[in-house]
Structures are given as C-alpha cells and as structure tokens.
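First residue of the sequence shown: 329, per my numbering; consecutive thereafter. Ideal placement from N, C-alpha and C gives every residue a C-beta, glycine not left out. Small disclaimer: the values here were computed from a predicted structure and weren't measured.
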Amino acid sequence: MTTILGIDPGLTRLGVGVVRQGGGRTVSLLHVEVLRTPATAEISHRLGTLSGAIDELLARFNPDIVALERVFAQHNVRTVMGTAQVSGVVLALAHARSIPVSLRTPSEVKAAVTGHGRANKDQVGTMVARILGLAEIPQPADAADALALAITEAWRGVAPASAASESTPAQKAWREAEARAKRPKLQK
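Below you can see the structure in the form of structure tokens.
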C-alpha cells in the first residue's frame, strides 16, 4: 500500500488530497481539504500558515510520495508567482522529510483521470468522485484537483521533479535564463 499526498498549489486556496493505492488501479480516499489564506494578509504570513498546515499533514499521513501540480506560465504574473512560492514551500518541506515529489502538468492529470487532456473542472471532479466511490464531487474544485493529482500519481508512477524532458516550454525557458545568468561575463 502506498500513501500519496496530492497538492494543488495556491496562495489563497490550496487543495490537499490524500489517497491510498492498493493493488493495480485501486485507490481509496484518506483525506481531502482546502487550506485557505486571506488575500489581504502579508505574503510571509500566508506562506507561513500554509507551511505549518502542510507540515502537519506530512506528519499525520506520512506519505510515500507527494504529487504536486507543476507551475505553468499564466497571463496573471501575480497568480503564478504565488503558486510558485507555495510550490517551493511544498518542495522544501518534502525534501526535509526525504519524501520524493512528482510534478504533474494540469493536462497530464486531466488525461489520466478523464481520458482527455482538455477536460473541464466538472469532468475532472465527476471522474474523481467516480474513481473514489464518492457520493458527491469534492468541493471546491481545488479539492478535486488535489485528489486527481494523487490518483494520477497512483496510476502513472513517479514523474521526477527534475525531469527536463517533461518540462513545459516556460520551464525550459526559465532554466535557460537561469543558466545564462550564471555564466561568467566576458572581461573587456
């Protein structure tokens, strides 16, 4: 039996879903919730609050792996920055406990649970409820998304956090920019 913690990162709403993988594609629900922080609070307070809550969940469920949604480029820079900051907190907490982290793209998760990489939130939620044998779709959508991440990990195995071949174009561009910034400048 494998315990998987799925996290749909967000600064205002962070979805958390814990499943236990049995034999084959069998998964069962252990826990689901959405952690919230007020948009009016200082960023340090918000990240600290989420960090403490995630650390408690890691201690409580002792997952074998964390499935985290891969940060992707959005038009709203403020949203993507908050998501990236929260993802960094999750990565650091998992590392401190020697828990591997698997990064999954939204389209990969949608394809795994619905069969279609462009499924909408309702379709994902409906399939999550069906897969886990739930009477209702977990609400809000962040909760269903976190469970979908955990289910995807159970069904598809580890997607390494460092896999460059699995990176989105935005992530590849970011790594290239970081590499250029680290190169020594030519002396004139």
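Please state whether DSSP places L396 in a helix, a strand or coil.
To locate residue 396, count along the sequence shown from 1; it is residue 68. Of the three classes helix, strand and coil, the one that applies to L396 here is strand, per DSSP.
So if DSSP puts I332 in a beta bridge, which residue, or which two residues, is it bridged to?
Position 4 of the sequence shown, counted from the first residue, corresponds to residue 332. For I332, which the question treats as bridged, DSSP gives the partners V347 and I393.
Please name the residue, chosen from T454, R388 and P428, that lies closest to Q467 on a Cα-to-Cα basis.
Working through the sequence shown from its first residue, we reach residue 467 at position 139. It is T454.
What residues match up with R432 in a beta bridge as DSSP calls it?
Sequence index remark: in the sequence shown, residue 432 carries index 104 (1-based). In DSSP, R432 forms a bridge with E397.
Within the continuous beta strand (DSSP E) that includes L358, where are the two ends?
In the sequence shown, counting from the first residue as 1, residue 358 sits at position 30. Here the beta strand (DSSP E) through L358 covers V355 to R364.
Just list the beta strand (DSSP E) runs in the stretch 411-491, keeping only unbroken ones of 3 residues or longer that don't cross its boundaries, in chain order.
Listed in chain order, the complete beta strand (DSSP E) runs (minimum 3 residues) inside the stretch 411-491 are 429-432.
Would you decide whether A440 is buried or exposed? Buried here means 16 or more other CB atoms lie within 10 Å of its CB.
Residue mapping note: residue 440 aligns to position 112 of the sequence shown, counting from 1. It is buried - the Cβ of A440 has at least 16 other Cβ atoms within 10 Å.
Measuring only the C-alpha atoms, how far is A492 from A482?
Counting from one through the sequence shown, the residue named residue 492 turns up at place 164. Counting from one through the sequence shown, the residue named residue 482 turns up at place 154. With a pLDDT of 41 at A492, under the threshold of 50, the modelled position of that residue is not reliable, and the figure given next carries that caveat. Roughly 22 Å separates the two Cα atoms.
So, with DSSP's three-state summary, where would you put K516?
Position 188 of the sequence shown, counting from 1, holds the residue named residue 516. Because K516 carries a pLDDT of 47, less than 50, the predicted location of this residue cannot be relied on, and no value is offered for it.
Let me check understanding here. Comparing Cα to Cα, which of R348, T411, G445 and A422 lies closest to G380?
The sequence position of residue 380 within the sequence shown is 52, counting from 1. When only C-alpha atoms are compared, the closest one is A422.
I want to check one thing, is the minimum distance from the CB of I459 to the heavy atoms of the ligand MG below 8 Å?
The ligand MG is absent from the structure shown, which contains no ligands of any kind.
Please name the residue or residues paired with R341 in a DSSP beta bridge.
Position 13 of the sequence shown, counted from the first residue, corresponds to residue 341. Looking at the DSSP assignment, R341 forms a beta bridge with R364.
Could you check if D450 is buried or exposed, using at least 16 other CB atoms within 10 Å of its CB as the buried criterion?
Numbered from 1 along the sequence shown, position 122 holds the residue referred to as residue 450. Exposed: under 16 other Cβ atoms inside 10 Å.
Between T411 and L339, how many whole angstroms is the CB-CB distance? I'm expecting something under 8 Å.
On the sequence shown, residue 411 is found 83 positions in, with the first residue counted as 1. On the sequence shown, residue 339 is found 11 positions in, with the first residue counted as 1. That pair is a contact at about 7 Å.
On the three-state DSSP scale, how would you describe A369?
Here residue 369 is taken as the residue at index 41 of the sequence shown, counted from 1. Coil.
Would DSSP call G352 helix, strand or coil?
Here residue 352 refers to the residue found at position 24 when the sequence shown is read from its first residue. In this structure, G352 counts as coil in the three-state DSSP scheme.
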